[in-house]
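Heads up: the sequence shown is residues 1 to 275, going by the working numbering.
Where a beta carbon is used, it is the ideal one built from N, C-alpha and C, also for glycine.
Here's the structure, in structure tokens; my notes come after.
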Amino acid sequence: MIDENLSVKDILEWYVWAGVDETLGEIPFALAQKTETETPLKPLPKVNDVVKTDSTPQKSATIETRKATTDLAQDTLNARSNAHKLCAQATSIEELKKLVESFDGCALKLTANKTVFGGGNPQASIMLIGEAPGADEDRLGEPFVGRSGHLLDKIIQAVGLTRNDVYITNVLPWRPPGNRTPTTAEVAVCLPFLKRQIEIIQPKVLVLLGGSAANALLDNEDTISKLRGKWLDYPLSDTVQIPAMATFHPAYLLRNPAQKAKVWGDFLRLKLKFL
Ligand code: URA
């Protein structure tokens, strides 16, 4: 029950306190209001009622659902193919950045404030890849500038590096609302942009921060716990592989500080092999 004495400001502050940091539509939903097209709920059958089964409406609903699913899959394939074509036009990171900013094939762009492209040194031999921008990155337009970014800075400093020695990017250039996990379709559509960044930068080694980056680039569904701690290969082409190290995401370390030692160990192995 909402206290009628609360001001709009009080209510909004309560939402922010509760973790709601997004408004997704400009038109409010009137959930309690009945619309013309709303189908009335069927009354539940009583215990002794004979329930007649008629499969026709169910069948057509299934066909509708299947069609919608097929349309969605086709949209994803078209968007991914457009992303591929765009990427082929880019020969430098600056060109690719402009093309990503102009791309309208991923709905995440509609809810994001900024396109967050890669940052750091495009000549670097080490490329770090996260999942997607968070609220701070979405506000500032730069990757890893929030709490996870500060922890990442400490991790790379521990092996004698700064942001100027690495290139940092994400699987997705747009923030998923409320930091939800990206969908398979969103990853599929945006992956060509990430792959083109790798082709242009040609790093000596990739550091995959968390399961989303590892699964997207290694094309598997293994958990990050299974993937971390091993040297893996990212296929740049049919003949060239780039060594890749998967490790826990800094956001995970903020929630599970006891796992930090493993990541420090991973970066030390990186240092021994590549620095
Ligand atoms: N988490 C990510 O994966 N990427 C960012 O840029 C920030 C937080």
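Check: For ILE353, which beta-bridge partners are listed by DSSP?
Finding: Shown here, the chain extends from 1 to 275; a query on residue 353 therefore has no answer.
Checklist line | Proximity to SER148 [Cα-Cα], best of ASN256, SER7, ASN5, ASP3 | finding: ASN256
Next item on the list: Following the continuous alpha helix (DSSP H) through GLN197, name the residue where it begins and the one where it ends.
Entry: 184 to 201
Margin query: Nearest by alpha-carbon distance to GLY229: which of PHE267, HIS84, ALA251 is it?
Written below: PHE267
Checklist line | At least three beta-carbon pairs within less than 8 Å, the stretch 109 to 118 to the stretch 162 to 177 | finding: yes
Check: Does DSSP put TRP14 in a helix, in a strand, or in coil?
Finding: helix
Next item on the list: Helix, strand or coil for ASP3, going by three-state DSSP, please let me know.
Entry: coil
Check: In chain order, what residues have a CB nearer than 7 Å to some heavy atom of ligand 1?
Finding: VAL116, GLY130, GLU131, ALA132, PRO133, GLY134, GLU137, PRO143, PHE144, GLY146, SER148, GLY149, ASN170, LEU209, GLY210, HIS249, ALA251
Next item on the list: Tell me, please, whether the stretch 181 to 200 touches the stretch 120 to 132 by the rule of three or more beta-carbon pairs shorter than 8 Å.
Entry: yes
Notebook entry, point to check: Is it true that the stretch 96 to 103 meets the stretch 135 to 154, where meeting means three or more beta-carbon pairs spaced less than 8 Å apart?
Noted result: no
Margin query: Let me check one thing: in DSSP terms, what residues is ILE168 bridge-paired to?
Written below: GLY119, LEU128
Checklist line | Supposed close pair GLY119, ILE156 - CB separation, criterion 8 Å | finding: That belief does not hold up - the Cβ atoms of GLY119 and ILE156 are roughly 13 Å apart, past 8 Å.
Notebook entry, point to check: What's the C-alpha gap between GLY178 and LEU253?
Noted result: 19 Å
Notebook entry, point to check: Can you tell which of SER81, VAL187, PHE193 has its C-alpha closest to the C-alpha of ASN215?
Noted result: VAL187
Margin query: Closer than 8 Å to a non-hydrogen atom of ligand 2 - does that hold for the CB of ALA90?
Written below: No copy of ligand 2 appears in this structure; the ligands present are ligand 1.
Margin query: Whether or not the stretch 201 to 210 and the stretch 242 to 250 are in contact is what I'm after, with contact meaning three or more pairs of Cβ atoms, one per stretch, closer than 8 Å; do they touch?
Written below: yes
Next item on the list: Give me the Cα-Cα distance between LEU194 and GLU64, rounded to the nearest whole angstrom.
Entry: 34 Å
Margin query: As an exercise, report each continuous beta strand (DSSP E) stretch of at least 3 residues that is fully enclosed by the stretch 215 to 247, in chain order.
Written below: 231 to 235, 241 to 247
Checklist line | Supposed contact pair PRO235 and SER125 - C-beta distance, whole angstroms, cut 8 Å | finding: That pair is no contact at about 18 Å.
Note to self: Starting from VAL207, trace the beta strand (DSSP E) in both directions and tell me its first and last residue.
What the structure shows: 205 to 209
Note to self: Between which residues of its own chain and PRO122 is the CB-CB distance below 7 Å, once the five residues before and five after are set aside?
What the structure shows: ILE93, TYR167, ILE201
Check: Which residue from ASP238, LEU96, TRP264 puts its Cα closest to that of PRO192?
Finding: LEU96
Note to self: Using a Cβ-Cβ cutoff of less than 7 Å, which residues in the same chain neighbour ASP138 once the five nearest sequence positions on both sides are dropped?
What the structure shows: ALA112, ASN113, LYS114, VAL116, ARG175
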